[in-house]
Amino acid sequence: MAWEQAEVRALKEGRYVLIDDEPCRITSLSTSKPGKHGEAKARVEGVGIFDGQKRSFVHPVSHKVKVPMIDKRAGQVLAIVGNEVQMMDMVTYETFNIPIPDEFKDDLKEGAEIQYLIAMDRKKITRV
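If you want my numbering, it's the position in the sequence shown, counting the first as 1, plus 494.
Quick look at the structure:
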């Protein structure tokens, strides 16, 4: 299980939520007043971590949503092979391959330390 449950009222901008089973960073959050027979609703908009697509949903503030468990880690670049980087985790010494994002293609060098995140069993480089 790579997620936990939280109420919509507990969400904040800049944090993460699962929208359409895709981990997203919350970019905006707005709530409406409760109506005569209903309860307050919240509109949550986010951008996908891995694909960059905008997504949104509208739910009552007491509705439960899934929040992904985001693990931020450090690693060392072992080799650059085509559009992938072979990395070693600095804590567990596990080696794996990660695709190189376009914004980091020129900055990566062998032996450099980088930061990456793990969400829903997927990995992404976040900082060089």
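Beta carbons are placed, not taken as given, at the ideal position from N, Cα and C, and that holds for glycine.
The structure displayed is predicted, hence computed values, not measured ones.
Exercise. Output yes or no for whether 7 Å exceeds the beta carbon distance between I592 and M581.
Key: Locating residue 592 in the sequence shown gives position 98, counting from the first residue. Locating residue 581 in the sequence shown gives position 87, counting from the first residue. Yes, the pair counts as a contact, with Cβ atoms nearer than the cut-off.
Exercise. Entirely within the segment 517-574 and at least 3 residues each: give me those beta strand (DSSP E) ranges in chain order.
Key: You should have 535-542, 548-554, 558-562.
Quiz item: When burial is assigned at 16 or more other CB atoms within 10 Å of the CB, is P632 buried or exposed?
Solution: This structure does not reach residue 632, given that the chain is present from 495 up to 622, and the question cannot be answered.
Practice problem: In angstroms with no decimal places, state the Cα-to-Cα distance between E516 and H553. | Solution: For the purposes of this step, residue 516 is identified with residue 22 of the sequence shown, where counting begins at 1. For the purposes of this step, residue 553 is identified with residue 59 of the sequence shown, where counting begins at 1. Rounded to the nearest angstrom, the two C-alpha atoms are 17 Å apart.
Quiz item: Which one of Y610, E588, V571, K506 has the shortest CA to CA distance from G540?
Solution: Translated into positions along the sequence shown, residue 540 becomes position 46. Here the closest residue by C-alpha is K506.
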